[in-house]
Amino acid sequence: MTVQRIDSPPRLPVVLARGALASRSKRGPYEGARLPGVRLVLPEADIDTGRLRAYARVCGFTAPDGDGAGEGERNGRGGGGGGPVPPSYPHIMGFPLAMLLMSQPAFPFPVLGLVHTGIELTQHRALRPGERPEISVHTNALTPHRRGSSFDVVTEARLGGRLVWHSRSTYLCRHRTADGERGDGARESAQREATGPSGATSAPHGPRPEPLTAPHPLPVRDHWRLPSGLGRRYARASGDRNPIHLHPLTAKLFGFPRHIAHGMWTFARALAATGAADGGEQLTARAEFKAPVLLPSTVAYGMDEPTAPVGNYRAPVRVHRFELRGVDGETGGGSGSESDGESDGGGKGGSGGEKQPRLHLTGEVTSERP
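This is the structure in structure tokens:
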């Protein structure tokens, strides 16, 4: 794999604009498509403390420098003298590199219309404000999908050459498949088998685990009222200014009835609510994005009781499943759905035939006990 070093982080608005323009020339066909064998590396990434504080506040994490309460503290969880960088924040640091890689001519799929279907991250050691990790990004695991083609974006963070954090984000490019089925016409996705990144320097992800969806809704722990401006607030903190999240008018251009919450905000907010980031250093989390969350709206946050751990951890651990569901018949949706995958429990009847609230997000976190 070719390594390309970048002296400074790319400007995300410029990269997004470039990706949008390049999308016009990437309309298929996609048979025989290959991902670029390139790894982008930013040797010393700066952790912007202002953006970090804003991110912690909007997502509910304890403020890393301890200068104020995040949403989670106002809800009675966490607080005190500050904390480390939230475990989902390195994704934000690597996102401009991922967009830069996917906007290059060698990348076969259009950036516009890509669907983020899931994320899996592992934190071996929490980052601290003031540290300058090496951030790298590459793509792999291109796999045929019933609705098109899926692939992974792998992001890694290192300190002194040591891998301290890595993630795998799965994306779907919807298109007509070899059997003639339109990618955006099928409602069910095929489960796929994929291995982790190849090469000695890659993070050891391994095969993708089983789907996360529980047969029944999890116990509801809280209800969150999401304001219309949530997407704009998260965009300022994360730099991700996708128009589907900013305003009803811009979202309607992409087929949504109104604007929707960022998928990565739903993941980060749910992860913060588990309290997993308040414990020790080591943490593993994964989530599947099921259906978009329209703004404004109210969602129910569900979490089960801790279960037995799986894996080799340095300290006693806890495992929680979590989810976000609609409230009062809210179903989300729109032809430009940001999410994909099986819709188990997502508004359909359960084993008893009763209608269940629309499932937006389902996830699991394994962490050291606080």
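So in the working numbering, spot 370 of the sequence shown is number 419, and the numbers just go up one at a time.
Even for Gly, the Cβ is constructed at its ideal location relative to N, Cα and C.
Which of helix, strand or coil does DSSP assign to residue i?
i      : result
Ser384 : Low confidence applies to Ser384: its pLDDT is 39, below 50, so where it sits in the model is not reliable, and the reading given next is rough at best. Residue state, collapsed to three classes: coil.
Gly127 : With a pLDDT of only 36 at Gly127, under the threshold of 50, the placement of this residue in the model should not be trusted; the figure read from the coordinates follows. Of the three classes helix, strand and coil, the one that applies to Gly127 here is coil, per DSSP.
Val376 : coil
Ser57  : coil
Lys404 : strand
Arg282 : helix
Ser72  : helix
Tyr350 : strand
Thr315 : helix
Ile184 : strand
Gly394 : No answer about Gly394 holds up, because its pLDDT of 34 lies below 50 and its placement is not dependable.
Thr323 : helix
Tyr220 : strand
His294 : helix
Thr226 : coil
Ser277 : coil
Leu89  : strand
Val64  : helix
His265 : coil
Ser199 : strand
Ile168 : strand
Pro139 : helix
Is the Cβ-Cβ distance between residue i and residue j less than 9 Å?
i      : j      : result
Phe158 : Met151 : yes
Ala408 : Lys339 : Reading off the sequence shown, one finds Leu at residue 408, where the question assumed Ala. It is a contact, given that the beta carbons lie within the stated cut-off.
Ile168 : Val134 : no
Arg73  : Val164 : no
Leu373 : Thr299 : no
Pro58  : Leu146 : yes
Met113 : Thr98  : The sequence shown places Pro at residue 113, not Met. The answer is yes: Cβ separation under 9 Å.
Going by alpha carbons, who is nearest to residue i out of the options?
i      : options                        : result
Leu170 : Gly197, Pro136, Ser198, Val160 : Pro136
Thr204 : Ser198, Gly197, Gly162, Val213 : Val213
Leu176 : Thr226, Leu332, Arg307, His272 : Leu332
Leu410 : Arg225, Tyr104, Ala310         : Ala310
Pro139 : Leu191, Leu373, Ala317, Pro292 : Ala317
Arg102 : Ser287, Gly312, Pro193         : Ser287
Ala82  : His296, Arg281, His294, Gly197 : Gly197
Arg290 : Pro62, Thr347, Ile55           : Pro62
Gln172 : Ala325, Tyr104, Leu373         : Ala325
Gly412 : Leu261, Ala112, Arg217         : Leu261
His194 : Arg225, Pro178, Arg217         : Arg225
Pro297 : Pro59, Gly280, Ser216, Glu80   : Gly280
Met142 : Arg60, Gly210, Pro154, Gly132  : Arg60
Asp271 : Thr98, Thr347, Gly68           : Thr347
Leu295 : Arg174, Lys301, His308         : His308
Ala69  : Arg367, Pro355, Pro154         : Pro154
CB-CB under 6 Å to residue i, same chain, minus the five flanking residues each way: which ones, in chain order?
i      : result
Ala334 : Leu170, Leu320, Val414
Leu208 : Pro182
Ala71  : Ser152
Val269 : Ala349, Gly351
Glu93  : Arg181
Glu330 : Arg174, Ala175
Arg217 : Glu169, Asp201, Val203, His254
Grab me the residues of residue i's own chain with a C-beta within less than 7 Å of its C-beta, minus the 5 sequence neighbours each way, in chain order.
i      : result
Ser185 : Arg88, Leu89, Val90, Glu205
Ser277 : Leu344, Pro345
Thr323 : Met352, His369, Phe371, Val414
Thr219 : Thr166, Gly167, Ser199, Asp201
Lys75  : Pro157, Phe158, Pro159
Arg282 : Val107
Leu65  : Met148
Arg67  : Ser152
Arg100 : Ala286
Spatial neighbours of residue i within its chain, please: CB distance less than 8 Å, with the 5 preceding and 5 following residues excluded, ordered by chain position.
i      : result
Gln53  : Val87, Arg88, Leu89, Val90
Pro84  : Here the sequence assigns Leu to residue 84, which means Pro is not the residue at that position. Excluding sequence neighbours, Leu84 sits near Phe156, Pro157, Thr188, Asn189, Leu191, Phe200.
Pro51  : A quick correction: the sequence has Thr, not Pro, at residue 51. Counting only Cβ-Cβ distances below 8 Å, and skipping sequence neighbours, we find Gly86, Val87, Arg88.
Arg285 : Ala103
Leu302 : Pro292
Val376 : His272, Ser346, Thr347, Val348, Ala349, Pro406
Pro355 : Arg367, Val368, His369
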